[in-house]
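Take 35 as the starting number for the sequence shown in our numbering and just add one per residue.
Each remark here refers to the structure printed beneath this line.
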Amino acid sequence: MTTTRPTPRPTPRPTPRGTARPALTARRRAGLAVAALLAVMDVVPLVWLPIDVPADFEPGPTFLVMLEGFGVLTLVAVVAYLGTRRRAWLRVAAAVRTVSALTAVPAFFVDGVPPVLVVLASLCVGLTILAVVLLLSPAPGER
35 MTTTRPTPRP TPRPTPRGTA RPALTARRRA GLAVAALLAV MDVVPLVWLP
85 IDVPADFEPG PTFLVMLEGF GVLTLVAVVA YLGTRRRAWL RVAAAVRTVS
135 ALTAVPAFFV DGVPPVLVVL ASLCVGLTIL AVVLLLSPAP GER
């Protein structure tokens with residue numbers, strides 16, 4: 035009679051201090067969703083908006099490529115966080131969204147900016163603040 039031994043379970047590796055994978059809380063899920071929405075808005079051009087913009091306020095190709103880069107970097111950080119759950123990706127997403135929002139700030143200080151663009155800029159800045167707060171809020175039990 036042969037008996038089979040149960041295969042031993044692998045012991046979990048201890049994670050080095052400070053590298054524990056954070057929980058995916060409701061706040062972080064909401065922050066990731068808002069950051070991803072803003073990233074998609076950066077990547078997809080806003081040509082579909084029926085706004086009469088004077089020729090002085092048309093963004094140049096360099097600015098559009100920069101915005102698309104911010105959007106792609108944010109999407110990469112969001113997807114990488116969902117795959118690895120490393121806090122560094124949350125910080126990358128928050129930093130990229132903050133720099134992207136800073137590009138909208140001149141709309142509040144330049145004369146002659148159409149009011150619709152000022153409203154869009156304030157919406158972008160407000161959603162970015164919300165996303166950063168939600169992304170960087172600690173989960174219960176974290177410091």
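The beta carbon of each residue, even a glycine, is placed where N, CA and C say it ideally should be.
The structure presented is a predicted model; accordingly, all values stated were derived computationally and were not measured.
Is the beta carbon of residue j closer than 9 Å to that of residue i?
i, j, result
"residue 165", "residue 127", "yes"
"residue 76", "residue 38", "no"
"residue 65", "residue 157", "no"
"residue 118", "residue 135", "no"
"residue 62", "residue 101", "no"
"residue 149", "residue 59", "no"
"residue 168", "residue 68", "yes"
"residue 114", "residue 121", "no"
What is the C-beta distance between residue i and residue j, in whole angstroms, given that I count them as a contact (C-beta under 8 Å)?
i, j, result
"residue 147", "residue 141", "5 Å"
Under 8 Å: does the beta carbon of residue i sit that close to some heavy atom of the ligand GDP?
i, result
"residue 61", "For the ligand GDP, the structure offers nothing, since it holds no ligand at all."
Segment contact flag, the segment 128-138 with the segment 68-78, C-beta cutoff 8 Å, min 3 pairs: yes
Whole alpha helix (DSSP H) elements within the segment 96-141, 4-residue minimum: 121-136
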